[in-house]
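For the sequence shown, counting from 1, position 25 maps to 24 in numbering that gives the first Met the number 0; every step adds exactly one.
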Amino acid sequence: MHILGYFFALIIGLVMGLIGGGGSILSVPVFAYLFNIDAITATAFSLFVVGATSSVGSVSFIRQGYVNFTTAFRFGIPSVLGILFSRRLVLPHLPEYIIHRWGITLTKDMFILILFAVLMLLSAIKMIQKKERVRKPRESETNYTLLVSQGLLVGIVTGFIGAGGGFLIVPALVMLLGVSMKEAVATSLFIISINSFIGFASSLDKITVDWAFLLSFTSLSIIGILIGVALSKRIEPRKLKPIFGWFVLVMGIWIIVTELLLK
Numbered sequence: 000m001h002i003l004g005y006f007f008a009l010i011i012g013l014v015m016g017l018i019g020g021g022g023s024i025l026s027v028p029v030f031a032y033l034f035n036i037d038a039i040t041a042t043a044f045s046l047f048v049v050g051a052t053s054s055v056g057s058v059s060f061i062r063q064g065y066v067n068f069t070t071a072f073r074f075g076i077p078s079v080l081g082i083l084f085s086r087r088l089v090l091p092h093l094p095e096y097i098i099h100r101w102g103i104t105l106t107k108d109m110f111i112l113i114l115f116a117v118l119m120l121l122s123a124i125k126m127i128q129k130k131e132r133v134r135k136p137r138e139s140e141t142n143y144t145l146l147v148s149q150g151l152l153v154g155i156v157t158g159f160i161g162a163g164g165g166f167l168i169v170p171a172l173v174m175l176l177g178v179s180m181k182e183a184v185a186t187s188l189f190i191i192s193i194n195s196f197i198g199f200a201s202s203l204d205k206i207t208v209d210w211a212f213l214l215s216f217t218s219l220s221i222i223g224i225l226i227g228v229a230l231s232k233r234i235e236p237r238k239l240k241p242i243f244g245w246f247v248l249v250m251g252i253w254i255i256v257t258e259l260l261l262k
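Here's what the structure looks like:
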C-alpha cells in the first residue's frame, strides 16, 4: 500500500501540472487510506505537499508575468484569515465524537473525510461539465466585497479539509475580475502555495511530523508537476479535466460509502 501511495505522489504532481489543480483531491485520501494517517494530520500533510508543489508550478508563471500580485493580495489576506480560523479555532475544538447516540457513530475523522468527499463530488461535477463562457465584468462592475468574501470562504475550506481551493479560486477570479484563464490559474497557484504553507505551519503544534516521509513524498510530487508542466504543452488540459472528474467522482462516492457503511 505504501508503494502505491508513493506512486500517487507522482500522480498528484502530474495532475497539478496538467490541469492546474486537484492535488489535494488526491493527497488527503492517499494519506488517510494508503498510509493510515489520521484525518487532521492528513489534511496538514496535504497542505504542505500542495503548497510546495504549487510553489514550484507558480515559479514559471511568475517569470512569464502571469501572476497578478494585486489580486493575490486582495484574495489572499482574507484566505489566510479563513485558514487560521479553521486550523486554530475550529478543528482543535471539534469533539472526538460528532454524533454518538441512537446507534449512530460519527467521529471527528469521519466527519472531516465526509466533508472532503462532498468537496470532491462538487469538484468532479464542475470538471465533468462543459466549460461555460463567462462575461468579463467592466472595471466599474468589479465586486471586491464579493471577492474578499470568496477569499474568506476558500480559506475556511482550505484550513478545514486541507484542500488548496484551486477549483474555487480560479472561477472566482475569472467571474469577479474578468481575468484570463491563464492569469487566473497562475494567480491561483501562487495563492494556494501561500495559503497551504500557512495552514500547515498553523498546525505544527497539533500534529507530529515525520519529516523524512513528508519530504520524500513531496519530492515525488514535485517531480510529477515538472513532468505535468512539460506534458501540458502537448496535451490540451481541457480534454483531461472530464476524465479526471469522473475519477474524482468515483473516489468521492467510495469515501462516503467507506466512512458511513463500512466502518
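Built from N, CA and C at the ideal position, the CB exists for glycine as well.
Cβ pair residue i, residue j closer than 8 Å
i	j	result
H217	A41	The amino acid at residue 217 is misidentified as His; the sequence shows Thr. Taking 8 Å as the Cβ cut-off, T217 and A41 do not qualify as a contacting pair.
L219	A8	yes
S339	V49	Given a span of 0 to 262 for the chain in the structure shown, any question on residue 339 remains unanswerable.
V55	G161	no
G223	I36	no
Own chain residues within Cβ distance below 8 Å of residue i, not counting five before or after
i	result
Y96	T104, L105, T106, K107
S201	I82, L83, R86, R87, G158
W245	A123, I127
L145	L175
Candidates the options, of which the one nearest residue i by Cα
i	options	result
H1	A229, S215, V66	S215
F189	M15, I226, F6	M15
G251	S192, I61, L17, L112	L112
F34	L13, I127, I61, Y5	Y5
I127	D37, P241, L167, S85	P241
G22	G75, K125, M119	M119
V71	S192, M109, A43	Note that residue 71 is Ala in the sequence shown here, rather than Val. For A71, the nearest C-alpha among the options comes from S192.
K181	Y32, G64, I24	G64
6 Å CB neighbourhood of residue i in its chain, flanking five on each side removed
i	result
L248	A123
V29	G4, F7
F115	V27, I160
G102	none
V178	L172
A43	F199, S202, I206
Rounded separation between residue i and residue j - CA only
i	j	result
H99	V89	20 Å
L175	P77	16 Å
S57	I197	17 Å
I226	L13	6 Å
F68	H92	34 Å
S148	F74	9 Å
V66	L260	44 Å
A38	A185	29 Å
T257	V156	22 Å
L151	F110	22 Å
V208	R62	33 Å
K238	P94	43 Å
L230	V169	21 Å
A211	V117	31 Å
L121	F243	13 Å
D204	I221	26 Å
Contact belief for residue i with residue j at Cβ below 8 Å, rounded distance in angstroms
i	j	result
G154	I206	Rounded, the Cβ-Cβ distance is 19 Å, inconsistent with contact.
I234	L17	7 Å
A183	L172	4 Å
L46	F199	4 Å
S59	V228	7 Å
Any C-beta of chain C under 8 Å from that of residue i
i	result
T217	The structure shown has no chain C; it contains just one protein chain.
Chain-order list of residues whose beta-carbon lies under 7 Å from that of residue i (same chain, five-residue window excluded)
i	result
A31	A38, A41, L112
L25	F7, I10, I11, V14
Y143	R73
Any non-hydrogen atom of the ligand MN within 7 Å of residue i CB
i	result
A183	Here there are no bound small molecules, and the ligand MN is not part of this structure.
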